[in-house]
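*Asks:* Every letter in the sequence shown is one number past the one before it in the working numbering, and letter 160, counting from 1, is 175. Think of the CB as a built atom: it goes at the ideal place given N, C-alpha and C, for glycine as much as any other residue.
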Amino acid sequence: MSRDLCVEVPAIPEIPVYRIRWADTRQETEQAHALRRAVFCEEQQLFADDDRDAIDDVAQLLVALKTDPDQSPGQGEVVGTVRIHESESGVWYGSRLAVAAPYRRQGRIGATLIRLAVSSAHAIGCRRFLAHVQSQNVPLFRRLHWTTLQEEVLLGRRHHLMVADLNHYPPCHTPLAGLVIEERRAP
16 MSRDLCVEVP
26 AIPEIPVYRI
36 RWADTRQETE
46 QAHALRRAVF
56 CEEQQLFADD
66 DRDAIDDVAQ
76 LLVALKTDPD
86 QSPGQGEVVG
96 TVRIHESESG
106 VWYGSRLAVA
116 APYRRQGRIG
126 ATLIRLAVSS
136 AHAIGCRRFL
146 AHVQSQNVPL
156 FRRLHWTTLQ
166 EEVLLGRRHH
176 LMVADLNHYP
186 PCHTPLAGLV
196 IEERRAP
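Pasting the structure below:
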């Protein structure tokens, strides 16, 4: 019996939820690119005006949508994003992981974007999933069963080329529905 990572989780009405899924509207794509510019161009100053490149032409964009209880599942504000692409048969990369500053403390948005990125690629033939991870994010990736292959400097910043352990990422065959997580409440 096959385990599928993507399972709908009913939301508790009063608690905002985050739907992590493949982007499928122009509005989501535009919001994701705006978020990437805010993080990689303005905040981190890795790029001058725009971080988009040729990979965006072939990549699948994922988004984390903050959805209020009264909104339909397809609506919401993009508060996180990542892109994935197949560089050669069976070899996939994740890149441009970004979470809006006010939502980084939520703690699960980035991790869930990573899970869906790897699991959805796994469902469509990924045999190896890699990412160039900024050094400050390495502990998160290690907790999520990634291993460093080598350290390097990219765009003037220390990065780790890391590989995901696919045994911890069951295939997700429904990435447009994606995953739902609830906002954590203070005790």
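1. Can you check whether the CB of Gly109 is closer than 8 Å to the CB of Ala146?
2. Compute the distance between the beta-carbons of Tyr184 and Val133, then report whether it is under 8 Å.
3. Is it buried or exposed for Ala179, if we count other Cβ within 10 angstroms and need 16 for buried?
4. Just curious, the beta strand (DSSP E) that Thr82 is in, first and last residue?
5. Are there 16 or more other CB atoms within 10 angstroms of the CB of Ala38, so buried, or fewer, so exposed?
6. By the three-class DSSP mapping on this structure, what secondary structure does Ser17 have?
7. Residue range of the alpha helix (DSSP H) that Phe144 falls in?
8. Quick check on the burial criterion: 16 or more other C-beta atoms within 10 angstroms. Buried or exposed for Pro117?
9. So what does DSSP say about Ile35, is it helix, strand or coil?
10. CA-CA distance, Lys81 and Phe55?
11. Give every residue of the same chain whose Cβ lies closer than 6 Å to the Cβ of Asp83, excluding the five residues on either side of it in the sequence, and list them in chain order.
12. Residues in its own chain within less than 8 Å of Met16 by CB, not counting five upstream and five downstream?
13. Terminal residues of the continuous alpha helix (DSSP H) containing His209?
14. Can you give the Cα-Cα distance for Trp161 and Arg41, rounded to whole angstroms?
15. With DSSP collapsed to three states, give me the class of His174.
16. Are Ala126 and Cys187 touching if we call contact CB-CB under 8 Å?
17. Could you give the residue range of the alpha helix (DSSP H) that holds His137?
*Replies:* Short version:
1. Translated into positions along the sequence shown, residue 146 becomes position 131. Translated into positions along the sequence shown, residue 109 becomes position 94. Going by C-beta atoms, Ala146 is nearer than 8 Å to Gly109.
2. Translated into positions along the sequence shown, residue 184 becomes position 169. Translated into positions along the sequence shown, residue 133 becomes position 118. In this structure, Val133 lies closer than 8 Å to Tyr184 by Cβ.
3. Position 164 of the sequence shown holds residue 179. Buried, since its Cβ has 16 or more Cβ neighbours within 10 Å.
4. Within the sequence shown, residue 82 is the residue found at index 67, counting from 1. DSSP places Thr82 inside the beta strand (DSSP E), whose first and last residues are 75 to 82.
5. If you number the sequence shown from 1, residue 38 lands on position 23. Classification of Ala38: buried, given that the 10 Å Cβ count is 16 or more.
6. Start at 1 with the first residue of the sequence shown, and residue 17 comes out as number 2. Only weak support is given to the placement of Ser17: the predicted model assigns it a pLDDT of 49, under 50, and the value that follows is read from those uncertain coordinates. Residue state, collapsed to three classes: coil.
7. Within the sequence shown, numbered from 1, the residue matching residue 144 stands at position 129. It is not in any alpha helix (DSSP H) - Phe144 instead sits in the beta strand (DSSP E) that spans 143 to 149.
8. Here the question's residue 117 lines up with position 102 in the sequence shown. Pro117 is exposed by the Cβ-count criterion.
9. The sequence position of residue 35 within the sequence shown is 20, counting from 1. Reduced to three states, the DSSP call for Ile35 is strand.
10. In the sequence shown, the residue the question calls residue 81 occupies position 66. In the sequence shown, the residue the question calls residue 55 occupies position 40. So the two alpha carbons sit approximately 21 Å from each other.
11. Along the sequence shown, one-based indexing puts residue 83 at 68. Only Pro31 meet the Cβ criterion.
12. As a first step, residue 16 is located in the sequence shown; it is residue number 1 there, counting from the start. Only weak support is given to the placement of Met16: the predicted model assigns it a pLDDT of 44, under 50, and the question is left unresolved by the model.
13. Beyond the ends of the chain as shown, which are 16 and 202, falls residue 209; an answer cannot be given.
14. Locating residue 161 in the sequence shown gives position 146, counting from the first residue. Locating residue 41 in the sequence shown gives position 26, counting from the first residue. Going from the Cα of Trp161 to the Cα of Arg41 covers about 32 Å.
15. Translated into the one-based positions of the sequence shown, residue 174 becomes position 159. Of the three classes helix, strand and coil, the one that applies to His174 here is strand, per DSSP.
16. Numbered from 1 along the sequence shown, position 111 holds the residue referred to as residue 126. Numbered from 1 along the sequence shown, position 172 holds the residue referred to as residue 187. Contact: no.
17. Taking the sequence shown and counting its residues from 1, one reaches residue 137 at position 122. Per DSSP, the continuous alpha helix (DSSP H) segment holding His137 begins and ends at 124 to 138.
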